[in-house]
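**Student:** Mapped onto the numbering used here, the consecutive letters of the sequence shown carry residue numbers 100 to 678.
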Amino acid sequence: MGTIYKIKNFIFAEDEDLSLENRLFLYAIVIGIFTNVMGSVMNLILISSLIAMIVPLALAILLSILYYFLRIKKIIRPFVFPIIVISMIGISVIWICDGGIDGSNVMPGFVILILGLITVSENKKKYILAIFLGVFSSVYLIQFYRPDLIIDFHSETDRWIDSIFTLFYSSYFIFLVIKLLHENYSRERFKFIESEEKFRFMTENSSDTIWHVDSNYCFDYVNLADERLRGFKKEEVIGISLWSLLKPEGIECASRANAKLIDDEQKGIRTHTIRLELELKCKDNKWIWTEVNTCPHYNREGVMIGLHGVTRDISHRKKAEQEIMIKNEELKNLVATKDKFFSIIAHDLRSPFTSFLGMTQVMAEELPSLAMDEVQNIAISMSKSAVNFYRLLENLLQWSQIQKGELPFNPEIIQLNLIVDESLTMVVESAQHKDIKITTIIPEGLMVYADSNLLQTIIRNLSFNALKFTHQGGKVNISAKNTQDNMVKIAIQDSGIGMNPSILDNLFRIDVRTNRVGTEGESSSGLGLLLCKEFIKKHGGEIWVDSQVGKGSTFHFTIPSMVESSTVNSLNSRQNVWG
Numbered sequence: 100m101g102t103i104y105k106i107k108n109f110i111f112a113e114d115e116d117l118s119l120e121n122r123l124f125l126y127a128i129v130i131g132i133f134t135n136v137m138g139s140v141m142n143l144i145l146i147s148s149l150i151a152m153i154v155p156l157a158l159a160i161l162l163s164i165l166y167y168f169l170r171i172k173k174i175i176r177p178f179v180f181p182i183i184v185i186s187m188i189g190i191s192v193i194w195i196c197d198g199g200i201d202g203s204n205v206m207p208g209f210v211i212l213i214l215g216l217i218t219v220s221e222n223k224k225k226y227i228l229a230i231f232l233g234v235f236s237s238v239y240l241i242q243f244y245r246p247d248l249i250i251d252f253h254s255e256t257d258r259w260i261d262s263i264f265t266l267f268y269s270s271y272f273i274f275l276v277i278k279l280l281h282e283n284y285s286r287e288r289f290k291f292i293e294s295e296e297k298f299r300f301m302t303e304n305s306s307d308t309i310w311h312v313d314s315n316y317c318f319d320y321v322n323l324a325d326e327r328l329r330g331f332k333k334e335e336v337i338g339i340s341l342w343s344l345l346k347p348e349g350i351e352c353a354s355r356a357n358a359k360l361i362d363d364e365q366k367g368i369r370t371h372t373i374r375l376e377l378e379l380k381c382k383d384n385k386w387i388w389t390e391v392n393t394c395p396h397y398n399r400e401g402v403m404i405g406l407h408g409v410t411r412d413i414s415h416r417k418k419a420e421q422e423i424m425i426k427n428e429e430l431k432n433l434v435a436t437k438d439k440f441f442s443i444i445a446h447d448l449r450s451p452f453t454s455f456l457g458m459t460q461v462m463a464e465e466l467p468s469l470a471m472d473e474v475q476n477i478a479i480s481m482s483k484s485a486v487n488f489y490r491l492l493e494n495l496l497q498w499s500q501i502q503k504g505e506l507p508f509n510p511e512i513i514q515l516n517l518i519v520d521e522s523l524t525m526v527v528e529s530a531q532h533k534d535i536k537i538t539t540i541i542p543e544g545l546m547v548y549a550d551s552n553l554l555q556t557i558i559r560n561l562s563f564n565a566l567k568f569t570h571q572g573g574k575v576n577i578s579a580k581n582t583q584d585n586m587v588k589i590a591i592q593d594s595g596i597g598m599n600p601s602i603l604d605n606l607f608r609i610d611v612r613t614n615r616v617g618t619e620g621e622s623s624s625g626l627g628l629l630l631c632k633e634f635i636k637k638h639g640g641e642i643w644v645d646s647q648v649g650k651g652s653t654f655h656f657t658i659p660s661m662v663e664s665s666t667v668n669s670l671n672s673r674q675n676v677w678g
């Protein structure tokens, strides 16, 4: 039995992974070889017709050759249609030679028709049906008009034997078809169930959110990962619109991608995967950055009926990208700071020192021949150079402390007019030299919360800056008033040369040098204004400038106030004039 079972498995290719159509076709070839051999022998015995013997035998030989290609060479599909056609032609010859339309070969004819309709492709089924109807009609017409061509049996017993044999192999073929269909259905159903379970396990346990929306962009499936990602349960998501989870800019981005998808669809272009980065709404009303990969879902007719999608949390990646951008910006600022530092050392620090060296050289070489007033003028110039040199060094020191985060900051409640008066004591000499009057109008008792040293530096630097760009006999006004948000706005206004828009745009940028000089050729590094901006920022305030060319400039800045605005409005303002 074991040997017979192995032979059967080999003949019917039970060990091969064939499709239903190919296995059915192979079964038909094997049964066709067997029945044609037996039919040839029986026709010789029962009918004694040479034609009735030769035709089945020829078909058996042809089928054996084809079986070799099917079973051994694994070449199946090209032979299906030709074999069906040849079998129908052969059965028609046997039909005529074996009792005509009333003979037993009607059943094999129908078996070949069924086999053809099952195995051939859709576009060839109409030809199989047409050939069968042609064969059936031909046999009927031949028997009707030329009954002498029909070879009949010797006796009724021979007819019964032939019919029983035909019924046997036809029934056996039908049995094999039913058995094969059942086995294939069971096998495919098991594979489908196994595949569905595997798919469900993978989707439900995936760390990424897997979803599907219908043609109206409403969710009809979402896996459990969405609850872990955004906090929504499945039943809360099913039926809601995809657009309701997006920000306006996300809707615009997704709409553009969807419009392109529809446009490509109308042009016959099948779009595959679309990748978007979108912010999705969470249950706690927060937003999370996600990467969405989606592709169209088509039905059998090729019509798009929805979208498949996979959503992945990229909030950590976005955060890292943001940190990289910040670091790049910091690096850019550091490079600009380095360039600015070297620029100051190379130019601005050198200028006052060169002037100082020149005057000391004059005194060393020509002192005996110099008059007393000349010596005094040189000493005054040396003093100015030394003051400028010291002020620049002090600014550099404070600037380096800011860059390293080591600048002391000790805010306290202080009276503003006292700080302004103290700051201007170092500015008065420069104002007198250019005959510029400095007027201060500050409410008495106006208190601010600030670091006194930093605030003095701010007022002093802005005042020196106003003097530098104001002509002889000009004016500088310093005023202060409280704002509605409990801040004090201080304004330093000059009647100087003013600034054009390009200078204003780059005034507080460390990487841009304006190369401006004062009205009497005073050098300007721009470092003082940068320090003012950093110091004001440290106090939680802001600085801005109003300026027109030829009409002067006004620097405004704010620092925290310690007095309610209604109280400040009732304070008396004190006016001081310096210079």
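Glycine is no exception: its CB is placed at the ideal position from the N, C-alpha and C atoms.
Here the structure is a predicted model, which means the values were calculated and not measured.
In whole angstroms, what separates the C-alpha of SER325 from that of GLN647?
**Tutor:** For clarity, residue 325 is Asp in the given sequence; the question names Ser instead. Each residue's alpha carbon lies about 58 Å from the other.
**Student:** Cα separation between ARG411 and ARG374?
**Tutor:** Near 11 Å, if we compare the C-alpha coordinates of ARG374 and ARG411.
**Student:** Would you identify the three-state DSSP class for ASN581, choosing helix, strand or coil?
**Tutor:** ASN581 falls in the strand class under three-state DSSP.
**Student:** Just mark GLN583 as buried or exposed, buried being the case when its beta carbon has 16 or more other beta carbons within 10 Å.
**Tutor:** Label assigned to GLN583: exposed.
**Student:** So, with DSSP's three-state summary, where would you put GLU390?
**Tutor:** It is a strand residue.
**Student:** Which residues share a DSSP beta bridge with CYS381?
**Tutor:** In the DSSP output, where bridge partners are listed per residue, CYS381 has none listed.
**Student:** Output yes or no for whether 8 Å exceeds the beta carbon distance between ILE658 and VAL587.
**Tutor:** Closer than 8 Å, so yes.
**Student:** Counting only the same chain and skipping the five closest in sequence on each side, list residues whose C-beta sits under 7 Å from that of SER306.
**Tutor:** Here the set comprises ALA324.
**Student:** If you compare alpha carbons, which of PHE133, CYS381, LYS431 and ILE404 is closest to GLU364?
**Tutor:** Looking at the Cα atoms, ILE404 is the closest of the given residues.
**Student:** Please report the straight-line C-alpha distance between LYS332 and ILE292, rounded to a whole angstrom.
**Tutor:** Roughly 26 Å between the two C-alpha positions.
**Student:** Would you mind giving the Cβ-Cβ distance between GLY504 and ASP534, rounded to the nearest angstrom? I have them listed as a contact below 8 Å.
**Tutor:** No, GLY504 and ASP534 are not in contact; Cβ-Cβ is about 42 Å, not under 8 Å.
**Student:** Just to confirm my understanding: we take TYR316, look at its own chain, exclude 5 residues before and 5 after, and list those with CB closer than 7 Å. What are they?
**Tutor:** So the qualifying residues of the chain are SER340, LEU341 and TRP342.
**Student:** Between TYR548 and ILE589, is the Cβ-Cβ spacing less than 8 Å?
**Tutor:** Contact flag unset, no.
**Student:** Whose C-beta lies closer than 6 Å to the C-beta of GLN592 among residues of the same chain, with five residues either side of it excluded?
**Tutor:** So the qualifying residues of the chain are ASN576 and THR653.
**Student:** Can you tell me where the alpha helix (DSSP H) with HIS532 in it begins and where it stops?
**Tutor:** Taken as a continuous stretch (DSSP letters only), the alpha helix (DSSP H) holding HIS532 covers 527–532.
**Student:** Which residue marks the beginning of the beta strand (DSSP E) containing PHE656, and which one marks its end?
**Tutor:** Where PHE656 is concerned, the enclosing beta strand (DSSP E) stretches over 651–659.
**Student:** Taking a contact to mean a Cβ-Cβ separation below 8 Å, would you say GLN500 touches GLY544 in this structure?
**Tutor:** Contact: no.
**Student:** Would you list the one or two residues that DSSP bridges to PHE318?
**Tutor:** For PHE318, which the question treats as bridged, DSSP gives the partners VAL312.
**Student:** Look at the alpha carbon of TYR226 and the alpha carbon of VAL184, and state the distance between them as a whole number of angstroms.
**Tutor:** Spanning the two alpha carbons is a distance of roughly 9 Å.
**Student:** Alpha carbons only, please: which of ASN509, ILE537, LEU506 and PRO507 is nearest the one belonging to ASP520?
**Tutor:** Comparing Cα positions, the closest option is ILE537.
**Student:** Rounding to the nearest angstrom, what Cα-Cα distance links PHE568 and SER624 in this structure?
**Tutor:** Cα to Cα, PHE568 sits roughly 13 Å from SER624.
**Student:** Less than 8 Å between the CB atoms is what I'm expecting for GLU376 and GLU390, so what's the real figure, rounded?
**Tutor:** That pair is a contact at about 6 Å.
**Student:** Sorted by chain position, which residues of the same chain lie with C-beta nearer than 8 Å to ILE132's C-beta, five sequence neighbours on each side aside?
**Tutor:** Hits under 8 Å: ALA159, LEU162, SER163 and TYR166.
**Student:** Report buried or exposed for LEU456, applying the criterion of at least 16 other Cβ atoms within 10 angstroms of its Cβ.
**Tutor:** It counts as exposed.
**Student:** Helix, strand or coil for LEU328? Go by DSSP, reduced to three states.
**Tutor:** Helix, per DSSP.
**Student:** On a CA-only basis, which of THR372, ILE130 and PHE508 is nearest LYS637? Give me that one, please.
**Tutor:** Comparing Cα positions, the closest option is PHE508.
**Student:** Taking its Cβ as the centre, do 16 or more other Cβ atoms sit within 10 Å of ILE103, making it buried, or is it exposed?
**Tutor:** It is exposed - the Cβ of ILE103 has fewer than 16 other Cβ atoms within 10 Å.
**Student:** Kindly indicate if chain C contains any beta-carbon less than 8 Å away from that of ARG608.
**Tutor:** Note that chain C does not occur in the displayed structure, where there is just one protein chain.
**Student:** Taking only three categories from DSSP, how would you classify MET187?
**Tutor:** Three-state result, MET187: helix.
**Student:** SER681: buried (16+ other C-beta within 10 angstroms of its C-beta) or exposed?
**Tutor:** As displayed, the chain neither begins before 100 nor continues past 678, which places residue 681 out of reach and without an answer.
**Student:** Report the three-state DSSP secondary structure of PHE109 (helix, strand or coil).
**Tutor:** Three-state result, PHE109: helix.
**Student:** Within a Cβ cutoff of 8 Å, which residues of the same chain sit near GLY330, ignoring the five residues on either side of it in sequence?
**Tutor:** So the qualifying residues of the chain are CYS381, LYS382 and ASP383.
**Student:** In or out: GLY338 buried (at least 16 other Cβ within 10 Å) or exposed?
**Tutor:** The residue in question, GLY338, is exposed, as its Cβ has fewer than 16 Cβ neighbours within 10 Å.
**Student:** Short check: CB of THR393 to CB of HIS407, under 8 Å?
**Tutor:** Going by C-beta atoms, THR393 is nearer than 8 Å to HIS407.
**Student:** Check whether the Cβ atoms of LEU603 and LEU628 lie closer than 8 Å to each other.
**Tutor:** Going by C-beta atoms, LEU603 is not nearer than 8 Å to LEU628.
**Student:** Since HIS388 contacts ILE350 with CB under 8 Å, what's their CB separation in whole angstroms?
**Tutor:** The amino acid at residue 388 is misidentified as His; the sequence shows Trp. No, TRP388 and ILE350 are not in contact; Cβ-Cβ is about 16 Å, not under 8 Å.
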